[in-house]
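A.B. asks:
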Amino acid sequence: MTQEPSSRKPLFISVRARLVIGLTLLFSIVFIGGFLIVYQFASDRAMDRLAEDLRVLLEGTAGGIDGDAFASVARFGEPNEAGYSDDPRFWIIVDWLASIKAVDYRTGIYTIALSDRLGEYVLIASAAARTEPDDPETARFQQPLGYAPGDAPAFDALFNGETSEWLLLEPYQDDFGYWISGYESIKNAAGEPVGVVGIDYRAEYVFSVQRQILDAALPSFLIGFAVFFIVVYLISIPLTRPITTLTLAAERIGEGDYSAPLPKASRVVSDEFSILADVFRVMVGKVQGREVELRKQVEELKIEIDETKARAQVAEIVDTDFFASLQEKAKHIRSRRDDPPPVRSSQDAETQPRSEG
């Protein structure tokens, strides 16, 4: 069974619309690609800067702590009723950490030791012990971290001397915000690791840089997109005018109107549209000439057909019995008209019987 072609017309999208849409999409792809490159570059630079600041703070903080005093406080100190230590060396460490935090408020600074008595890692001192001593969230002296040796590979490596620095630069979130963290070994006079100083650095700086990029890029993108769209649309008008003119002319010619205007060829430059217009103009002339000739032939053929039809109708009438009878009667009438009856003599008249009155 042959399927009939669908009468539904396909969706019409003009060349101008395709040109504008295509170039706009191309511009959008290029702009978005460029924006992502700049965004990633700026984010990486912000993170690099944050990591460098973190390294500097770690080295400076760890270098300002007396490792031998720290080891003694961590090993022999006892927490008081407030949860801190009464050892003056403890408060020297606390004051040092608080002075570092005063330089950069975005930091949370604390120290960690390995408790031989508890067999796990514990907090020793923090800057918050001086700035927020009554806050229940402030780390207390010898507060367990919940990590035993073997549970925290980074701490194990720092305390074993396998590395002196460990950075966690992938932002993570807790109840207090987004952070990146770094750890540096605290060493005694013999250069042996006896503790770790940890710094939690607020990552909002990175996010603020990213937001600034977005805030600056979005208006620029919208303005640039609008300007580019208008420019492309204006440029597309002269570019697509020849093909639009050809399309309208083709529709009129298809309806038999050969007077439709065609794009004028330039005497200076030529392109595909001008060549197409010239070829189309020649084709229109040939089609118009062929149509005139065809009309003439059709008229002549129509006359011949009418004459043939008339002769056929006459022949059909002549061949009928009725027409033959008419011919016979007409012949008889003509013969009587051409041959009058003979005149009667007086003798014949007398011998003719009289009709009875």
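Offset between the sequence shown (1-based) and the working numbering: plus 1. Glycine included, C-beta positions come from ideal geometry on N, C-alpha and C.
(1) Please give the ranges of any alpha helix (DSSP H) in the segment 47-107, keeping only runs that are unbroken, at least 4 residues long and fully inside the region.
(2) Measure the beta-carbon distance from Ile187 to Gly178 and round it to whole angstroms, keeping in mind my assumption that it falls under 8 Å.
(3) Lys102: which of Pro145, Val198, Arg19 sits nearest, CA to CA?
(4) Inspect the beta-carbon positions of Val233 and Ala43 and report whether they are closer than 7 Å.
(5) Can you check whether the CB of Asp201 is closer than 7 Å to the CB of Trp167?
(6) Pick out whichever of Phe208, Gly84, Ala227 has its Cα sitting closest to the Cα of Gln174.
(7) In this structure, how does DSSP classify Thr112 when only helix, strand and coil are distinguished?
(8) Kindly indicate which residue of Ile22, Leu37, Ala129, Ala158 has the alpha-carbon position closest to the one of Phe222.
(9) Name the residue from Arg203, Ile22, Ala126 whose alpha carbon lies nearest to the alpha carbon of Ala75.
(10) Have a look at Ala350 and Ser326 and give me their C-alpha separation to the nearest angstrom.
(11) Just list the residues that DSSP pairs Asp201 with in beta bridges.
(12) What are the boundary residues of the beta strand (DSSP E) that Leu146 is part of?
(13) Counting Cβ pairs closer than 8 Å, one from the segment 157-165 and one from the segment 89-105, do we hit at least three?
(14) Taking C-beta to C-beta, are Phe156 and Phe28 nearer than 7 Å?
(15) Check whether the segment 115-123 touches the segment 141-154, counting contact only when three or more Cβ pairs, one atom from each stretch, lie closer than 8 Å.
(16) When DSSP labels each residue in this structure, what does Ala43 get in the three-state scheme?
(17) If you follow the alpha helix (DSSP H) that Ala130 is in, where does it begin and where does it stop?
(18) For Glu60 and Glu185, I'd like the C-alpha separation in whole angstroms.
(19) Within this structure, are the beta carbons of Ile113 and Ala128 separated by less than 7 Å?
(20) From the DSSP secondary-structure annotation, give me the bridge partner or partners of Leu124.
(21) Here's the rule: buried if 16 or more other CB atoms are within 10 angstroms of the residue's CB, otherwise exposed. What is Phe13?
(22) Which residue wins for smallest C-alpha separation from Ile214, given the options Arg141, Tyr85, Arg46?
(23) Here's the rule: buried if 16 or more other CB atoms are within 10 angstroms of the residue's CB, otherwise exposed. What is Val16?
(24) Would you give the residue range spanned by the beta strand (DSSP E) that Asp175 belongs to?
(25) Hey, out of Arg335, Phe77, Ile93, Glu82, whose CA is closest to Asp117's CA?
(26) Count the other CB atoms, across all protein chains shown, that sit within 10 Å of the CB of Ser336; report buried if there are 16 or more and exposed otherwise.
C.D. replies: This is what the structure holds:
(1) Taking only runs of at least 4 residues, the alpha helix (DSSP H) segments lying wholly in the segment 47-107 are 68-77, 89-104.
(2) In the sequence shown, the residue the question calls residue 187 occupies position 186. In the sequence shown, the residue the question calls residue 178 occupies position 177. So it is not a contact: roughly 26 Å between Cβ atoms.
(3) One-based indexing of the sequence shown puts residue 102 at position 101. Shortest Cα-Cα distance from Lys102 to any of Pro145, Val198, Arg19 involves Val198.
(4) For this step, residue 233 is matched to residue 232 along the sequence shown. For this step, residue 43 is matched to residue 42 along the sequence shown. Not in contact: Val233 and Ala43 (Cβ atoms no closer than 7 Å).
(5) By 1-based counting over the sequence shown, the position of residue 167 is 166. By 1-based counting over the sequence shown, the position of residue 201 is 200. No, Cβ-Cβ distance for Trp167 and Asp201 is not below 7 Å.
(6) Start at 1 with the first residue of the sequence shown, and residue 174 comes out as number 173. Among Phe208, Gly84, Ala227, the Cα nearest to that of Gln174 is on Phe208.
(7) For the purposes of this step, residue 112 is taken as the residue at position 111 of the sequence shown. In this structure, Thr112 counts as strand in the three-state DSSP scheme.
(8) Within the sequence shown, the letter at position 221 stands for residue 222. Shortest Cα-Cα distance from Phe222 to any of Ile22, Leu37, Ala129, Ala158 involves Leu37.
(9) Here the question's residue 75 lines up with position 74 in the sequence shown. The option with the nearest alpha carbon to Ala75 is Ala126.
(10) Mapped onto the sequence shown, residue 350 falls at position 349. Mapped onto the sequence shown, residue 326 falls at position 325. Bear in mind that the predicted position of Ala350 carries a pLDDT of just 49, short of 50, making it unreliable; the figure below should be weighed with that in mind. C-alpha separation (whole angstroms): 37 Å.
(11) To locate residue 201, count along the sequence shown from 1; it is residue 200. Paired residue(s): Gly109, Ser182.
(12) For the purposes of this step, residue 146 is identified with residue 145 of the sequence shown, where counting begins at 1. Neither: Leu146 is in no beta strand (DSSP E) and is coded neither H nor E.
(13) Segments in contact, no.
(14) Taking the sequence shown and counting its residues from 1, one reaches residue 156 at position 155. Taking the sequence shown and counting its residues from 1, one reaches residue 28 at position 27. Going by C-beta atoms, Phe156 is not nearer than 7 Å to Phe28.
(15) Yes: the two stretches touch, three or more of their Cβ pairs being nearer than 8 Å.
(16) For the purposes of this step, residue 43 is taken as the residue at position 42 of the sequence shown. If DSSP states are grouped into helix, strand and coil, Ala43 belongs with the helices.
(17) For the purposes of this step, residue 130 is identified with residue 129 of the sequence shown, where counting begins at 1. For Ala130, the enclosing alpha helix (DSSP H) starts and ends at 129-132.
(18) In the sequence shown, residue 60 corresponds to position 59, counting from 1. In the sequence shown, residue 185 corresponds to position 184, counting from 1. Between the C-alpha atoms of Glu60 and Glu185 there is a straight-line separation of about 7 Å.
(19) Along the sequence shown, one-based indexing puts residue 113 at 112. Along the sequence shown, one-based indexing puts residue 128 at 127. No, these two residues do not count as a Cβ contact at 7 Å.
(20) Locating residue 124 in the sequence shown gives position 123, counting from the first residue. According to DSSP, which records beta bridges pairwise, Leu124 is partnered with Ile113, Gln144.
(21) In the sequence shown, the residue the question calls residue 13 occupies position 12. For Phe13, the number of other beta carbons within 10 angstroms of its own is below 16, and it is reported as exposed.
(22) Within the sequence shown, numbered from 1, the residue matching residue 214 stands at position 213. The option with the nearest alpha carbon to Ile214 is Arg46.
(23) Along the sequence shown, read from residue 1 onward, the residue named residue 16 stands at position 15. With fewer than 16 other Cβ atoms within 10 Å, it is exposed.
(24) For this step, residue 175 is matched to residue 174 along the sequence shown. Where Asp175 is concerned, the enclosing beta strand (DSSP E) stretches over 166-175.
(25) The residue you call residue 117 lines up with position 116 of the sequence shown. Of the candidates Arg335, Phe77, Ile93, Glu82, the one whose C-alpha sits nearest the C-alpha of Asp117 is Phe77.
(26) Within the sequence shown, the letter at position 335 stands for residue 336. Around the beta carbon of Ser336, a 10 Å sphere encloses fewer than 16 other beta carbons of the protein chains shown; the residue is thus reported as exposed.
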